[in-house]
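In the UniProt record's numbering, the protein residues as written are 1 to 371. Think of the CB as a built atom: it goes at the ideal place given N, C-alpha and C, for glycine as much as any other residue. Remember, it's a predicted structure, so these values are computed and weren't measured experimentally.
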């Protein structure tokens, strides 16, 4: 909590969401000389079902914040299908495979070091006027290990909603958009599953395995650990991780058959999220809360960190933030939407062969994502 009086507000900025994007936003706000309070209903080190690969640009952005989480070097990306593959080495040097828990721990420590305190609680209300925003927060209950205290109301000049795909801030601010419609039917949603395996990495590349109905992302995150994320439609993901691995990726499944699973199986989705816009009065949406296409190109962290910087830089100018948001997300939105459309078409099976036949084009796309 800031040292300012309650009448002046509890903070200049309340950041809702203590994931990497929220912590980055809090650190940028502190660097701008603002008093910050981060609110999240979750406690401890946070995990998430994601690919866990920091491409070179994302790694540089994390390091620029003063954090340097441990992991495994990533030298490039490999698209793979039975009998075919296309590899590209990052031109700008390696990225890093980093456990989501390691990334969160490093950023959380750094945020605490720069004076961005964390309050545990669930946001249940949001009201704003011309000079600030009031955020109602319900502290953890006794059942959650808390003290069951009464709800508190925080007042801040600005609120940054960095609370992910299922953003409460987006809903409370009236920024949720209606689902896309294609051919009169809701757009098909996609889901992700992630599990780790105790096995020495067999490559320094992020492997993206393509099957008829799903993708598998294999990311080395330590000398004895790899993460495997599976993406597909609800019907595909609903068969379960093990069955999906065996049926869609038999070669990968055979490689991991003797490996011991590490930790819990996590899921995420639906991945597609839209917002009507990124600002409402003194509220800004940042990261997945602001809109998300898919995890297909693996850019979530890089794009989210860029949004966090832009949101703070343009805190008092909604139009400027909207323009900056569109600029920093343009490549992600264009490339991911295009690849997703291709992957959802009858020509899906041509993706890896096309990449292997046109390595210059495949490499250019990878470099665009990695910068």
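ask   = Once you ignore the five residues that flank residue 163 on each side, which residues in its own chain have a CB closer than 6 Å to its CB?
value = Residue numbering aside, residue 163 sits at position 163 when the chain shown is read from its first letter. Result list for residue 163: 16, 17, 169, 289, in chain order.
request  = Taking all protein chains shown into account, decide if residue 265 is buried (16 or more other Cβ within 10 angstroms of its Cβ) or exposed.
outcome  = Residue mapping note: residue 265 aligns to position 265 of the chain shown, counting from 1. Burial call: exposed.
query = Which class does residue 314 belong to by DSSP, given the choice of helix, strand or coil?
reply = Here residue 314 is taken as the residue at index 314 of the chain shown, counted from 1. The answer is coil: DSSP assigns residue 314 none of H, G, I, E or B.
Residues near residue 143 in its chain [Cβ-Cβ closer than 8 Å; skip 5 each side] = By one-based count along the chain shown, residue 143 stands at place 143. Unreliable placement is indicated for residue 143, whose pLDDT of 43 sits below 50; no coordinate value is reported for it.
ask   = By a C-beta neighbour count over all protein chains shown, 10 Å radius and 16 as the cutoff for buried, is residue 82 buried or exposed?
value = Start at 1 with the first residue of the chain shown, and residue 82 comes out as number 82. When all chains shown are included, residue 82 counts as exposed.
inquiry  = Three Cβ pairs or more, each shorter than 8 Å: is that satisfied between the segment 65-80 and the segment 334-349?
reply    = Taking 8 Å as the limit for Cβ pairs, the verdict is that the segment 334-349 does not touch the segment 65-80.
query = Do three or more CB pairs link the segment 20-37 to the segment 102-114 at distances below 8 Å?
reply = Counting C-beta pairs with one atom in each stretch, the segment 20-37 and the segment 102-114 have three or more that are closer than 8 Å, which means they touch.
key: Coil, strand or helix - residue 348 by DSSP   = Here residue 348 refers to the residue found at position 348 when the chain shown is read from its first residue. Note: residue 348 maps to helix in three-state DSSP.
request  = Can you have a look at residue 299 and say buried or exposed, based on whether 16 or more other CB atoms are within 10 angstroms of its CB?
outcome  = Locating residue 299 in the chain shown gives position 299, counting from the first residue. Classification for residue 299: buried.
request  = Might you give, ordered along the chain, the residues of its own chain that have their beta carbon closer than 7 Å to the beta carbon of residue 315, omitting 5 neighbours on each side?
outcome  = Along the chain shown, one-based indexing puts residue 315 at 315. Taken in chain order, the residues that qualify are 158.
request  = Taking only the alpha-carbon atoms, compute the straight-line gap between residue 276 and residue 24 and give it to the nearest angstrom.
outcome  = In the chain shown, the residue the question calls residue 276 occupies position 276. In the chain shown, the residue the question calls residue 24 occupies position 24. If I take the Cα positions, the gap works out to 24 Å.
ask   = What first and last residue would you give for the beta strand (DSSP E) that runs through residue 13?
value = Counted from its first residue, the chain shown places residue 13 at position 13. Unbroken beta strand (DSSP E) run through residue 13: 11-16.
inquiry  = In whole angstroms, give me the CA-to-CA distance for residue 209 and residue 350.
reply    = Position 209 of the chain shown, counted from the first residue, corresponds to residue 209. Position 350 of the chain shown, counted from the first residue, corresponds to residue 350. Looking at the two C-alpha atoms, the distance is approximately 13 Å.
key: Cut-off 7 Å between Cβ atoms - residues of its own chain near residue 267, not counting five sequence neighbours on either side   = Looking up residue 267 in the chain shown gives position 267. So the list reads 49, 191, 192, 193, once near-sequence residues are dropped.
inquiry  = If distances are taken between C-alpha atoms only, which option among 215, 121, 139 comes closest to residue 78?
reply    = As a position in the chain shown, residue 78 is number 78, starting the count at 1. Of 215, 121, 139, the residue nearest in Cα terms is 215.
inquiry  = By the three-class DSSP mapping on this structure, what secondary structure does residue 336 have?
reply    = By one-based count along the chain shown, residue 336 stands at place 336. Shown here, residue 336 sits in a helix according to DSSP, grouped into three states.
request  = Taking residue 375 as the reference, give the member of 328, 296, 295, 235 with the closest Cα.
outcome  = The requested residue 375 is not part of the displayed model; the chain covers only 1 to 371.
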